[in-house]
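*Asks:* Structure incoming, see below.
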Amino acid sequence: MMKMMRAQVLTEPYNFDLKEVPIPEITDDEVLVKVKYCGICGSDWGSYTGKYADEVACIPLTTGHEVYGTIEEVGKNAKGLKVGDRVTYDICKPCGTCYHCRIGEPLLCQDFKQIGIHMDGGFAEYVKVPWKNIYLVPDEVSDEKAAFVEPLTACLNASRKMDCVMGRSVVVIGAGLGIMHAQLAKLRGAAPVIVIDANADRLKMAKEVVADYTINVKEVDPIEEVMRLTNGVGADFVLEAVGSSKTYEQAFKMIRRGGKVEAFGICADDDYASLPPVSFVLEEKKVSGSCAGIGYDWGDALTLLKYNRVDPMPLISMIVPLEELEDALKEIRKNPKLIKVLVSPLVTERTVLYE
Numbered sequence: 055m056m057k058m059m060r061a062q063v064l065t066e067p068y069n070f071d072l073k074e075v076p077i078p079e080i081t082d083d084e085v086l087v088k089v090k091y092c093g094i095c096g097s098d099w100g101s102y103t104g105k106y107a108d109e110v111a112c113i114p115l116t117t118g119h120e121v122y123g124t125i126e127e128v129g130k131n132a133k134g135l136k137v138g139d140r141v142t143y144d145i146c147k148p149c150g151t152c153y154h155c156r157i158g159e160p161l162l163c164q165d166f167k168q169i170g171i172h173m174d175g176g177f178a179e180y181v182k183v184p185w186k187n188i189y190l191v192p193d194e195v196s197d198e199k200a201a202f203v204e205p206l207t208a209c210l211n212a213s214r215k216m217d218c219v220m221g222r223s224v225v226v227i228g229a230g231l232g233i234m235h236a237q238l239a240k241l242r243g244a245a246p247v248i249v250i251d252a253n254a255d256r257l258k259m260a261k262e263v264v265a266d267y268t269i270n271v272k273e274v275d276p277i278e279e280v281m282r283l284t285n286g287v288g289a290d291f292v293l294e295a296v297g298s299s300k301t302y303e304q305a306f307k308m309i310r311r312g313g314k315v316e317a318f319g320i321c322a323d324d325d326y327a328s329l330p331p332v333s334f335v336l337e338e339k340k341v342s343g344s345c346a347g348i349g350y351d352w353g354d355a356l357t358l359l360k361y362n363r364v365d366p367m368p369l370i371s372m373i374v375p376l377e378e379l380e381d382a383l384k385e386i387r388k389n390p391k392l393i394k395v396l397v398s399p400l401v402t403e404r405t406v407l408y409e
């Protein structure tokens, strides 16, 4: 008799159905992971609303890509893994043979697929994963922190691309995941670290956790305030973690001559920012982008968590049962106190962690 599990299946945009579906059958090169937590990502809202055409093409789909769990079953080709191991996994499945993969840019793969985005993921009791994508979670890393590894890898990749320099100023626009970006900038020796947002509660958290200065856009002009805090020079680096043309335009105005904007926030396909090309030439301003973490980012993220170099716990706002996924998705849009919500098939009641 076929074994079944509960899974939240996106059957069409704006509709999750909690269904009984077969537990995935693994190949010799896969492992079955029993999900304890799966974080809700901003991109999950995009999947839910049908914002991304390549993801809509994958419906019906069980989404969810920020997973922590334990190994339930091991394929016979897997090495160094056993049932019960605490794990997370690299969600990326690049093809390995296209132009980008062959020159060491697998995130830009022409046939790029991610578990929980293009194929069934973690808003379920179980998920199957290639064994080579699995990373063991150190004992020192709590279950909750382990559920934060995937978003931390995305921040790590952005930090590497931005490549901020010790003793130089970094501005982060957006105080959600932006707080983690700010922590990584501070780890690299950036000074001062400035966080911008429109929400006082999030800015208060940013100040407590990491920021030297915070700027509330409801109270002051953010460009003028950055100029004031940098003695009229402008910021050395600005990371945009909101995903709006307006904030990208602000970012470009607040970097100094020769400064760099790191693009992290995802805008809608039809949302265009206006940037003066003359600034690229006469002021040597630069823009780079980063979209996710991959491969070695997972190992590095787990090491940073093991040694408490970054702390994601202030960002984890709530834990909800699998049944409440759709409600939680909507709540995140309405309640600015919610930053990261973890979904768990193992709990029956929600736990609220924010004050």
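Yeah, the sequence shown ends on 409 if you go by this note's numbering, and it's all consecutive.
Virtual Cβ for every residue (Gly too), placed ideally from N, Cα, C.
Source: prediction; values computed, not measured.
Considering only residues of the same chain and omitting the five flanking positions on each side of N211, which have a CB-CB separation below 7 Å?
*Replies:* Counting only Cβ-Cβ distances below 7 Å, and skipping sequence neighbours, we find S344, A346, G347, D351.
*Asks:* Around the C-beta of K199, are 16 or more other C-beta atoms found within 10 angstroms, so that it is buried, or is it exposed?
*Replies:* Flag for K199 reads buried.
*Asks:* Locate the alpha helix (DSSP H) running through Q237, then write down its first and last residues.
*Replies:* Element bounds for Q237: 232-241.
*Asks:* I need the straight-line Cα distance from I188 to V121, nearest angstrom please.
*Replies:* Each residue's alpha carbon lies about 11 Å from the other.
*Asks:* In the structure shown, what three-state DSSP assignment does L64 receive?
*Replies:* Three-state DSSP puts L64 in a strand.
*Asks:* Measuring alpha carbon to alpha carbon, tell me which of E159, L329, G221, I233 ends up nearest L206.
*Replies:* Comparing Cα-Cα distances from L206 to each of E159, L329, G221, I233, the minimum goes to I233.
*Asks:* Touching or not, the region 155-172 and the region 370-385, by the rule of three or more beta carbon pairs under 8 Å?
*Replies:* Touching, no, given that fewer than three Cβ pairs across the two stretches are closer than 8 Å.
*Asks:* Taking all protein chains shown into account, decide if V315 is buried (16 or more other Cβ within 10 angstroms of its Cβ) or exposed.
*Replies:* Classification for V315: buried.
*Asks:* Do L379 and V397 count as a contact pair if the criterion is CB distance below 9 Å?
*Replies:* Cβ distance < 9 Å, so V397 and L379 count as in contact.
*Asks:* Could you tell me if K240 is buried or exposed, where buried requires 16 or more neighbouring beta carbons within 10 angstroms of its beta carbon?
*Replies:* The residue in question, K240, is buried, as its Cβ has 16 or more Cβ neighbours within 10 Å.
*Asks:* In chain order, what residues of the same chain have a beta carbon less than 6 Å from the beta carbon of D174, not counting five sequence neighbours either side?
*Replies:* Only T116 meet the Cβ criterion.
*Asks:* Please tell me whether A260 and A295 are closer than 9 Å, where the distance is taken between their beta carbons.
*Replies:* Not in contact: A260 and A295 (Cβ atoms no closer than 9 Å).
*Asks:* Counting only the same chain and skipping the five closest in sequence on each side, list residues whose C-beta sits under 7 Å from that of P366.
*Replies:* Only K199, F202, L206, M234 meet the Cβ criterion.
*Asks:* At the level of alpha carbons, what is the spacing between N131 and T142?
*Replies:* So the alpha carbons of these two residues sit roughly 19 Å apart.
*Asks:* Between the C-alpha atoms of E127 and I157, what's the straight-line distance to the nearest angstrom?
*Replies:* Approximately 34 Å between the Cα atoms of the pair.
*Asks:* Whose CA, out of S342, F318, R311, C321, lies closest to the CA of V332?
*Replies:* Nearest of S342, F318, R311, C321 to V332, Cα basis: R311.
*Asks:* Which residue's Cα is closest to the Cα of V180: Y408, P76, T402, S342?
*Replies:* Inspection of the sequence shows that residue 180 is occupied by Tyr rather than by Val. Per the Cα distances, P76.
*Asks:* Compute the Euclidean distance between the alpha carbons of K88 and P78, then round it to the nearest angstrom.
*Replies:* Computed Cα separation, rounded: 11 Å.
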